[in-house]
Amino acid sequence: MSDDGLFQLGMDLEARDYEGLRMPAFDEPRSTTHTEDNITVAPASNGQDERLDHFIEKEGVRYAGSHLIIDLYDAERLDDLPYIEETLKTCIEEAGATLLHIHLHPFEPTGVSGVAVLAESHISVHTWPEAGYAAFDVFMCGDAEPEKCVAVLERAFTPGRSQVSELLRGKEVA
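Per the numbering used here, the very first residue in the sequence shown carries number 1209; after that it's consecutive.
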């Protein structure tokens, strides 16, 4: 793949040596649409790191995070890339998640695919405007509330019908 192709995917080509480890260079943007905010991990009062993507325990079940599969039917504005980007940002804000970067790609003649990478995981989108259909995956760990994204998406795209499925990821991790 060419250097330009990797840039369009939001990938850095350079790597730096940090304490003997070869690590990607994060001083510059890793997305073609946004720069990444610096995310810090603060020590908790118990001396452990407080991660934004920590495991969750609810009603006696411990899991990595909630993964919502959201299908919108007879939806509108599914080819409006700036509108989709703003809607993803609203989802992230209302869910209490942390945006790292967004990359959206328009297709010809219609459609948008992309991902918002979060400290807590991701939101992906694939649209078929000619069919009025959009598929969203909302996966969030930690204290984020991915279920709040459902109302945001329904308000934004006014589907005639929506369907939501939930997977609790990582339930088998010891």
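Virtual Cβ for every residue (Gly too), placed ideally from N, Cα, C.
*Less than 7 Å separating the beta-carbons of L1312 and G1322?*
Working through the sequence shown from its first residue, we reach residue 1312 at position 104. Working through the sequence shown from its first residue, we reach residue 1322 at position 114. Yes, Cβ-Cβ distance for L1312 and G1322 is below 7 Å.
*Bridge partners of K1266, per DSSP?*
Mapped onto the sequence shown, residue 1266 falls at position 58. Paired residue(s): V1269.
_DSSP three-state label for T1366, please._
Looking up residue 1366 in the sequence shown gives position 158. If DSSP states are grouped into helix, strand and coil, T1366 belongs with coil.
_In this structure, how does DSSP classify P1290 when only helix, strand and coil are distinguished?_
Translated into positions along the sequence shown, residue 1290 becomes position 82. In the structure shown, P1290 sits in a helix (DSSP, three-state: H, G or I).
*What three-state label does DSSP hand T1243 in the structure shown?*
Position 35 of the sequence shown, counting from 1, holds the residue named residue 1243. Low per-residue confidence applies at T1243: pLDDT is 39, beneath 50, and the placement is therefore not dependable, though the value from the model is reported in the following sentence. T1243 falls in the coil class under three-state DSSP.
*asked:* Quick check: what's the CA-CA separation for W1336 versus L1361?
replied: Against the sequence shown, residue 1336 aligns to sequence position 128. Against the sequence shown, residue 1361 aligns to sequence position 153. Cα to Cα, the separation comes out at about 15 Å.
*Just tell me which of E1267, V1372, I1310 has its CA closest to the CA of A1327.*
Translated into positions along the sequence shown, residue 1327 becomes position 119. Across the set E1267, V1372, I1310, the C-alpha of I1310 shows the shortest separation from the C-alpha of A1327.
*Along the chain, where does the beta strand (DSSP E) that runs through R1337 open and close?*
In the sequence shown, the residue the question calls residue 1337 occupies position 129. In the sequence as presented, Arg is not what sits at residue 1337; that position holds Pro. Neither: P1337 is in no beta strand (DSSP E) and is coded neither H nor E.
*Among C1349, D1351, P1317, C1299, nearest to V1333 - alpha-carbon criterion*: What you label residue 1333 is simply residue 125 of the sequence shown in a count that begins at 1. Of the candidates C1349, D1351, P1317, C1299, the one whose C-alpha sits nearest the C-alpha of V1333 is C1299.
_Please classify N1254 as buried or exposed, where buried requires at least 16 other C-beta atoms within 10 Å of its C-beta._
Against the sequence shown, residue 1254 aligns to sequence position 46. Model confidence at N1254 stands at a pLDDT of 47, short of 50, so the residue's coordinates are unreliable; what they give is reported in the following sentence. Its Cβ having fewer than 16 others within 10 Å, N1254 is exposed.
*Smallest Cα separation from E1284: which of G1340, E1353, C1357?*
Locating residue 1284 in the sequence shown gives position 76, counting from the first residue. Cα-wise, what sits closest to E1284 is G1340.
*Do you know offhand how far R1270's Cα is from P1317's?*
Along the sequence shown, one-based indexing puts residue 1270 at 62. Along the sequence shown, one-based indexing puts residue 1317 at 109. Cα-Cα distance, rounded: 44 Å.
*Over the uninterrupted beta strand (DSSP E) stretch that includes A1324, give me the two end residues.*
Position 116 of the sequence shown, counting from 1, holds the residue named residue 1324. Counting along the chain, the beta strand (DSSP E) containing A1324 begins and ends at 1320-1326.
*When the Cα of L1296 is compared with those of V1346, S1373, T1366, H1275, which residue comes out closest?*
Mapped onto the sequence shown, residue 1296 falls at position 88. Comparing Cα positions, the closest option is V1346.
*According to DSSP, is L1260 helix, strand or coil?*
In the sequence shown, the residue the question calls residue 1260 occupies position 52. L1260 falls in the coil class under three-state DSSP.
*asked:* Mapping the DSSP letters down to three states, classify V1381 as helix, strand or coil.
replied: The residue labelled residue 1381 in the question sits at position 173 within the sequence shown. Correct three-state label for V1381: coil.
*asked:* Residues in the same chain with beta-carbon distance under 6 Å from L1280, minus the five sequence neighbours each way, listed in chain order, please.
replied: In the sequence shown, residue 1280 corresponds to position 72, counting from 1. Correct list, in chain order: A1342, F1365, P1367, S1370.
*Using DSSP bridges, identify the partner residues of V1372.*
Position 164 of the sequence shown, counted from the first residue, corresponds to residue 1372. According to DSSP, which records beta bridges pairwise, V1372 is partnered with I1278.
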